[in-house]
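Chemist: When the letters of the sequence shown are read in order and numbered with the working numbering, they come out as residues -19 to 388.
Quick reminder that beta carbons are idealized off the backbone N, C-alpha and C, glycines included.
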Amino acid sequence: MEMLDITKIRTDYPILDRKIYGRPLVYLDNTATSQTPDIVVNSIVNGYTSTKANVHRGVHTLSMEATELQESARRKVREFINAPSAEEIIFTRGTTEAINLVAASYGGAFLKDGDEIILSVMEHHSNIVPWQLLQRSTDIKIRVIPILPDGSLDMDAYRKLLNERTRIVSICHASNVLGTVNPVKEIITEAHAREIPVLIDGAQAAPHIKIDVQDIDADFYAFSAHKMYGPAGVGVLYGKRTLLEKMPPYQGGGEMIESVSFEKTTFAELPYKFEAGTPDFIGIAALHKAIDYMENIGIEAIARHEHELLEYTSRRMAEEIPDLRIYGTAPGKCAIISFLVNGEHHYDMGMLLDKLGIAVRTGHHCAQPLMQHLGVEGVVRASFAVYNTREECDLFIDALKRVAQMLR
Ligand code: PLP
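1. Would you call Ile282 buried or exposed, if buried means 16 or more other Cβ atoms sit within 10 Å of its Cβ?
2. Enumerate in chain order the residues of its own chain whose CB-to-CB distance from Glu68 is below 8 angstroms, with the five nearest sequence positions on each side excluded.
3. Since Arg3 sits in a beta bridge, which residues does DSSP pair it with?
4. Which whole-angstrom value describes the C-beta separation of Tyr230 and Ala84, a residue pair presumed to lie in contact below a C-beta threshold of 8 angstroms?
5. Name the one or two DSSP bridge partners that Ala339 has.
6. Assign Phe203 to one of three DSSP states: helix, strand, or coil.
7. What are the boundary residues of the alpha helix (DSSP H) that Asp136 is part of?
8. Taking the alpha-carbon positions, what's the Tyr367 to Ser318 distance?
9. In three-state DSSP terms, what is Lys121?
10. For Glu372, name the three-state secondary structure that DSSP assigns.
11. Give the DSSP bridge partners of Gly72, in chain order.
12. Roughly how far, in whole angstroms, is the beta-carbon of Val178 from the beta-carbon of Ala171, given that I think they are within contact range, below 8 angstroms?
13. Just jot down, in chain order, the residues whose CB lies closer than 5 angstroms to any heavy atom of the ligand PLP.
14. If we call anything under 9 angstroms between Cβ atoms a contact, is Asp192 one with Asn62?
15. Starting from the C-beta of Asp379, find all residues in its chain whose C-beta is less than 7 angstroms away, skip the five residues before and the five after it, and write them out in chain order.
16. Got a sec? Which residues, its chain only, sit under 7 angstroms from Ala53 by beta carbon, not counting five neighbours each side?
17. Report the rounded CA-to-CA distance for Gly312 versus Ile127, giving the unit in angstroms.
18. Three-state secondary structure (DSSP) at Ile191?
19. Between Thr13, Gly232 and Val360, which lies nearest to Val383 when the distance is taken from Cα to Cα?
20. Compute the distance between the beta-carbons of Ile180 and His153, then report whether it is under 9 angstroms.
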């Protein structure tokens, strides 16, 4: 098994040389957003300095080049998640917009009063609130799958929730708080046995797990570029053609029409039917570079490295930090450690850690129902990416010990 050259990988990220309060930055907030390597940043710079022109409208060279960059990114994303065709890849602003699109378009058209949808207690707000917005127009019921004490999904409870009123299941591939990786293939198989479509929120899976939408047979799959070494403001919705074709447009505007008159407008073919307005074509081209970057290193190699850091850090924390409570210990979890120490306030810990150069996230992590379930207001979260090192884990643990002592 080849070891990654992390020292070399780190040279791709000038931001990692920053000092915070005179100390080296230890960036452990990768679940919120990962840093961006030079190759992706350069793609954005080139997009603005060399090929900027609006896509799909021009016959001139720049417009054709910009269009080709966008469409080759679409082909790359298709390959990345093994979707059957590029027409099933819709570019959005991120996971949030992708889920809103499905809730508004699919939910708006096909869910009726009395129908039920199934979510889980570990969902991010972006996979809860879009469905609640749908409740303003339709009297649908949201049913919630609970979790077991280690943070894994209660699959027995899930099976019991599925019934003849269930119209869609929408669930995260990996939890942004617990790190739990859900058995999405099994979840989908169970739903499909009742002809219920499933949306997978892959925001936390795409940076670490090889995705194969055909293997898991997902009906919809959503993810964000900024969490996978790519730019902010770009995301992807994969949808099965059969579903996308019968869904109405989500937004109206340019790009998404075939013809417009005041009497009647007809819509463009997939995927453009769902891409109203000028997309972030420069960001989309940069996502292509981010995928290339991940594939060059190897997604399995990235995950292996992150897991080593996860195991090393979790073990040292458990051994050396008194009164530590880690939230989420499911087997095979992603490299995320959510924790509290001695009941101290997450915000105080995060602020003090920052003074020591350590960037962690604190708060409810856009998962307030999960916090309520765990009986806490918030937690501290450290999460890893390919460029993190063992030395950084040591700095983090030393800092955590100091902070815990200060607060005691
Ligand atoms: N779903 C999960 C599991 C997430 O962790 C996040 C972001 O943290 C989102 C959805 C929302 O992603 P975005 O803000 O990029 O739309």
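Modeler: Looking at the coordinates:
1. buried
2. Arg58, Tyr218, Gly219, Lys220, Arg221, Leu224, Leu250 and Pro251
3. Ile0
4. 6 angstroms
5. Tyr7
6. strand
7. Met135 to Leu141
8. 20 angstroms
9. strand
10. helix
11. The sequence given here places Thr at residue 72; Gly does not occur at that position. Looking at the DSSP assignment, Thr72 forms a beta bridge with Gly215.
12. 5 angstroms
13. Gly74, Thr75, Thr76, His104, Ser106, Cys152, Asn156, Asp181, Ala183, Gln184 and Ser204
14. yes
15. A small correction: the amino acid at residue 379 is Ala; Asp does not occupy that position in the sequence shown. Leu333, Leu336 and Ile338.
16. Ile264, Ala265, Leu267 and His268
17. 16 angstroms
18. coil
19. Val360
20. yes
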